[in-house]
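Peer 1:
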Amino acid sequence: MKPLSIARVNLVRFFRTRSAVFSVFLLPMLIVLLLGAMQGGASNPKLGYVSAGEDTFTLELFAILDGVDGFEVLEIEDEASAIRQVERGGLRAAVIVPAGFESTLRSGGDVEIGLVTRAEQEVQGIGDVVNAAITRQSILLRTARFATQKGAGTFDEALAVGEVAQETLPPVSVVATMAGEPFVLAGLGRFDIYAQGMLILFIFLTTLNGASHLIQARQLGVTRRMYSTPTPVRTMLAGEALSRFSIAIIQGGFIFIGTSLIFGVDWGSPIGATLTIIAFALVSTSGAMLLGALVSNDQQAGGISTALGLGLAALGGCMFPLAVLEMLSDTVYRVAHVTPHAWALEALQALVTEDAGVADIAGFLLILVGYAVVLGLLATWRLRKVLVR
Amino acid sequence: MGAAWTIARKDLKQRLRDRSAYIVGIVAPLGLALVFGFVLNPLSDFEFNATYAVADLDGGPVSRLFVDTVLANAEGIKVIEVASTDEAEALVDTEVSPLGGAGDTETADAAIIFPIGFSDDVQSERPVTIQVIGNQGSETNAGIAVALVEGYASELTSVRVAVATVENLVQEEVDRLAMGVEVLQTPNPVTLRDDTASTKQLDGVTFYAAGMAIFFLFFTVQSGITGILEERRTGTLARLLSSPITRSSVLAGKLLSSFVIGLVSMTVLFVATTYAVDADWGPPAGVALLILAAIVSALGLVSLLAGFARSAEQAAATGSMVGMVLGFLGGTFFDVSQAGGLLASLRFASPHGWFMQGLADLRSDDLGVVVAPVLAMVAFGVVTGAIGVARLRKGLRP
Amino acid sequence: MSAPAGGPVLECSGIRKSFGDHAAVKGIGFSIAPGETYGLLGPNGAGKTTTISIIAGLLEADEGSVTLGGEAMNPDATHTKRLVGLVPQDLAIYPDLGATENLEFFGRLHGMKGPELRRRVAEVLEIIELTDRAGDRTEKYSGGMKRRLNIGVGLLHRPALLILDEPTVGVDPQSRNAILDSIERLGEQGMAVLYTTHYMEEAERLCHRIGIVDQGELIAEGSQADLVRLVGHRDRLKLTATGSLAATAAALGDLAAVDDAAVADDGITLIVDRAHDHLPEILAVAGRTGSLVKTVDVDSADLESVFLKLTGRALRE
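Here's what the structure looks like:
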């Protein structure tokens, strides 16, 4: 079983290096952790609330804003901090309530509430929300103002009467219900989304980086030496391919199990996930073999494999969930599906969000196998010519 | 120092002939920046966009006021008027994207329904209800719809309360409609002031252009300094050491060549991304200072790694690991500044983090913001570099 | 640029160097006069490379002193290094640069520049016969060409002392001869040369004086004639043979006529009193102890026999 022995030797050599252990095991986990901690997925825009005092009106306004669906309201200590966060994009906008909100109004003065936004961002929606909240709060104030203007009574008189009126009058109420489907990613935990993307990214990247090993072997004349023994080229190729594939499976398997155990990531049907990993590992292997055949300098290969690995991952939706890409732009979504990554992600996503079974993702798996076969054929053809040069 | 310069020139000559230098230094980061920029461009043009379905079953002045004035004057809102509640519901009960992106079927983010007799009921102090059905798939836009309607309801309540109050106070009947209009025209004592903040965040394209540039910088500068280990391998180090030059000048030459390579690479990327994908790095003076500081930090780190490595290969492998970790921590791949808490602070442990934040802050056009990042990066480079160079010098043997 | 006339070009004494527990050089000292070619002859691992690394200023000796042209030599003595031209055993040339570029680079490090540098480079290229291929990257050169360039770089700045460390290892016979010829010429032109090798024939051909080194010590020194006299009028017998060489050598060493016998790289080397008289006996012993002798070479004593006599081991094992 020559290919197996070749593969075993390669694996041993590979995992002896510190950098291999790091990039296969540590790094992916680190990144999933990082990303998850950043709250993956679509999150609601954040609105900052800065108040100089804690009078009733200020608290009331906060409560109203807090009750609006689809926004997250955060109390911010001071104006400077809020402005900085808006500048840096941490907050979509900030509401600045001045001191003496209540007292100024009670004494008949006007109050200006600041809404801090960035010039280039259209934040009309937020403005409306804040305006609506203010309107709701200032019903009595307006009443008192108006009554005073009309000469119907004093401010305090009007306030008192108005309060009674507000209580006794039947309300103009708003009944809000929800329909439709929640955003497709809403059901996913914050680690789930990125775990999928990172799984695919790392399988591909790690395997592709292995191509430089094949090139080194060529450079060192090792393969030529192997060829001078009664080892047909076929066997050597098989051995190399098996090496790449094993590493891919180990990488994929580790992330799969690791994220399930450590981060509680849900992958859906285990068989489905495993098959997807295997199919994608095949694609990565073929890709690595092809790269090893096309490039003759192993230092170049390092740069190329990293760039390709990261680039295809980005295009394919590993870093920004496919669902997000889909809504953003048709073009981007379509281009993503040129990469095998997108197809693998579709399968993984379906397994979780749609509770899909193997039969459901069979189509995606077939496409992946198709990629593997095409790339593999190209690689074999080229390698035969080049391997013993 | 002439010897240092001679050595640097020789290194650069060799580097120019090495294709992998171009790939790592220019092609890879540029390519990735382009890819990321392409993928992200749609995301960076954030505009508020919502579609609301309105079923005005009443048709009276009060409901019309909302539709024709409030909704019509709101920017970014598209109104679809339908004849029945069912039609409105149909438009909302769909799958839709929160950002209101492209879709084939018409969908609405929310439906607003005014019942029959709405206007009359409002004027006659009877209870009224406005119904809003939000689309779960666009929580934010739906929330805005609810807020708008509630705002209008509050206006109506204001009118009712004000009118009732005046009536009560003056103890006579009033022309409700006319007074209602007057109330509406009374300005709210609480107003909203628009404060525009400057921008201290890089747009998507620039973010990735800069992120990829500095990420790959740490790989690009390796070749010069780890070149010392390479010279040992090729045997030429012996010759260098037997030449009438000091050991320091050997090291200085290597550092110098790394510096030049880093500078060329960053400059090329700066120019290329600015013209190719409209990246906006910021005012050239500030950018130049940040780039120079970044190069110093990279040189320091690579020296440190080379000082403790046994071979060029090992130095490269360790360098990759460290480069990756620092890159991710520093937010060159994802904007960690939004993460909050520990992560956002951790990014300042990495020179990459300082670089990215420096560029982001530079958007506000205030050159002074680069002082802290430049100092931090230079300090990082000097400390690591001092240790690394000392070790390299000690170990400078054929 | 040569040393002031009248003193030795190189003077080193009491050099000691250890790497951890291993003592590589244990008190070596010798001197080289202007125009003299001095050989350091010894097997691999004798400490030759370490010694010349110290002389060339690459390493610091633990003890002892090195003086070149009257100036002290150590790793920091950049001024003294201009007097040395080093030709290391491992090729010390840049594979991705051409011969001219290599020469110009190292020339500049020696302070040469401009038209003077260019002229000298052209001169050296002529000497090492690489003028035609000077523009090609050296990675494309044959092994012999690379070695010649390696030497050329050492000569470029006209050093007072040229140090060559095993310059012909792994080189084809033709290139080897060319190299030896050029070194002979350099010697004739008055350059002092320090030459290390484990090939006896080279030492015999090139060197005025030879120092025999073994296990970090200089065990004998002198002209070839001087050294051979140490062996007396004994013959050197070389057998190429296969089989149980160790057993055979031991058995032969027991014979009365045989002074010393040791296993060499492809056979057995012996010092014998009147070899021709004792040949039949020797061959018989060989056959009895399980060795098959293929060729027999009788010669008068040479440096290999000197080494064998002094150390009981062959120069090339």
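Protein chains in written order, with our numbering: chain V, -18 to 370; chain X, 17 to 414; chain W, 146 to 462. Heads up, the beta-carbon is just placed ideally off N, CA and C, and yes, glycines get one too.
Would you identify the three-state DSSP class for A459 (chain W), choosing helix, strand or coil?
Peer 2: A459 (chain W) falls in the coil class under three-state DSSP.
Peer 1: Considering Y352 (chain V), what are the terminal residues of the alpha helix (DSSP H) in which it resides?
Peer 2: 339 to 367
Peer 1: Chain X beta carbons: is any one of them nearer than 8 Å to that of L270 (chain W)?
Peer 2: no
Peer 1: Could you give the distance in angstroms between the alpha-carbon of P414 (chain X) and the alpha-carbon of R292 (chain W)?
Peer 2: R292 (chain W) has its alpha-carbon roughly 19 Å from the corresponding atom of P414 (chain X).
Peer 1: Using a beta-carbon distance cut-off of less than 7 Å, what residues from the stretch 131 to 155 of chain X approach chain V?
Peer 2: For the stretch 131 to 155 of chain X, which is checked against every Cβ of chain V, the residues closer than 7 Å are V138, E141, R142, P143, V144, T145, I146, Q147, V148, I149, G150, N151, Q152, G153, E155.
Peer 1: Could one say the Cβ of G41 (chain X) lies closer than 8 Å to chain W's Cβ atoms, at least one of them?
Peer 2: The beta carbon of G41 (chain X) sits no closer than 8 Å to any beta carbon of chain W.
Peer 1: For T37 (chain V), which residues from the same chain have a beta carbon less than 8 Å from its beta carbon, with the 5 sequence-adjacent residues on both sides left out?
Peer 2: E83
Peer 1: Keeping to the same chain, check which residues put their C-beta closer than 6 Å to that of R8 (chain V); ignore five residues upstream and five downstream.
Peer 2: The sequence as given places Leu at residue 8 (chain V); Arg does not occur at that position. If we look at L8 (chain V) and ignore the five residues flanking it on each side, it has no Cβ neighbours.
Peer 1: Just the Cα atoms here: how many angstroms apart are L115 (chain X) and T216 (chain V)?
Peer 2: With a pLDDT of only 42 at L115 (chain X), under the threshold of 50, the placement of this residue in the model should not be trusted; the figure read from the coordinates follows. If I take the Cα positions, the gap works out to 53 Å.
Peer 1: Would you identify the three-state DSSP class for T334 (chain X), choosing helix, strand or coil?
Peer 2: Residue state, collapsed to three classes: helix.
Peer 1: Pick out whichever of X:R33, X:D102, X:V40 has its Cα sitting closest to the Cα of V237 (chain X).
Peer 2: X:V40
Peer 1: Starting from the C-beta of A118 (chain X), find all residues in its chain whose C-beta is less than 6 Å away, skip the five residues before and the five after it, and write them out in chain order.
Peer 2: Its pLDDT being 44, under 50, A118 (chain X) is placed unreliably by the model, and the measurement read from it follows with that caveat. Result list for A118 (chain X): empty, nothing under 6 Å.
Peer 1: Verify the CB distance criterion: does I238 (chain W) have a CB-CB separation below 8 Å to chain X?
Peer 2: yes
Peer 1: Buried or exposed: where does R189 (chain W) fall if 16 or more other Cβ atoms within 10 Å of its Cβ makes it buried?
Peer 2: Checking the sequence, you will find Asn at residue 189 (chain W) rather than Arg. Counting Cβ neighbours within 10 Å, N189 (chain W) comes out exposed, since fewer than 16 surround it.
Peer 1: Identify the residues that DSSP records as bridge partners of F164 (chain W): which are they?
Peer 2: BP columns for F164 (chain W) point to W:H167.
Peer 1: Whose CA, out of X:V206, X:G18, X:L233, lies closest to the CA of T124 (chain V)?
Peer 2: X:V206
Peer 1: Determine the extent of the alpha helix (DSSP H) in which N295 (chain W) is found, giving its start and end residues.
Peer 2: 288 to 300
Peer 1: Report the start-end ranges of each beta strand (DSSP E) in the stretch 270 to 297 of chain V that is 3 residues or longer and not cut off at the edges.
Peer 2: Listed in chain order, nothing qualifies, since the stretch 270 to 297 of chain V has no complete beta strand (DSSP E) run of 3 or more residues.
Peer 1: Can you list the residues of chain W that I261 (chain X) reaches, using a CB-CB cut of under 7 Å?
Peer 2: Per Cβ cutoff of 7 Å: T223, L254.
Peer 1: At a Cβ threshold of 8 Å, is P299 (chain X) touching chain W?
Peer 2: no
Peer 1: Using 10 angstroms around the beta-carbon of N190 (chain V), count the other beta-carbons present and answer buried if the total reaches 16, otherwise exposed.
Peer 2: buried
Peer 1: Please report the straight-line C-alpha distance between G297 (chain W) and G302 (chain X), rounded to a whole angstrom.
Peer 2: Near 50 Å, if we compare the C-alpha coordinates of G302 (chain X) and G297 (chain W).
Peer 1: Under three-state DSSP, which class holds G22 (chain V)?
Peer 2: At G22 (chain V) the pLDDT is 38, less than 50, meaning the model places this residue with poor confidence; the figure from the coordinates comes in the next sentence. G22 (chain V) falls in the coil class under three-state DSSP.
Peer 1: Pick helix, strand or coil for V49 (chain V), following the three-state DSSP scheme.
Peer 2: coil
Peer 1: Examine chain V for any beta-carbon lying closer than 8 Å to the beta-carbon of L321 (chain X), and answer yes or no.
Peer 2: no
Peer 1: Tell me whether R282 (chain W) sits in a helix, a strand or coil according to DSSP, three-state version.
Peer 2: strand
Peer 1: So for R209 (chain X), helix, strand or coil by DSSP?
Peer 2: strand
Peer 1: What did DSSP end up calling A337 (chain W) once you bin it into helix, strand or coil?
Peer 2: strand
Peer 1: In the DSSP assignment, the beta strand (DSSP E) including L307 (chain W) goes from what residue to what residue?
Peer 2: 306 to 310 is the extent of the beta strand (DSSP E) around L307 (chain W).
Peer 1: Helix, strand or coil for I438 (chain X) per DSSP?
Peer 2: The structure shown does not extend to residue 438 (chain X), since chain X is modelled only from 17 to 414, so the question has no answer here.
Peer 1: Excluding sequence positions up to five away, which residues of its chain have a Cβ less than 6 Å from the Cβ of L253 (chain X)?
Peer 2: E247, P414
Peer 1: Thinking C-beta only, is T215 (chain X) closer than 8 Å to S319 (chain X)?
Peer 2: No.
Peer 1: Does chain X have any CB closer than 8 Å to the CB of D281 (chain W)?
Peer 2: no
Peer 1: From which residue to which residue does the alpha helix (DSSP H) around R35 (chain X) run?
Peer 2: R35 (chain X): member of the alpha helix (DSSP H) spanning 35 to 38, first to last residue.
Peer 1: Helix, strand or coil: which one does DSSP assign to A201 (chain W)?
Peer 2: coil
Peer 1: Here's a check: name, in chain order, each residue in its chain whose Cβ is nearer than 8 Å to the Cβ of A401 (chain W), leaving out the five neighbours to either side.
Peer 2: Around A401 (chain W): no qualifying Cβ.
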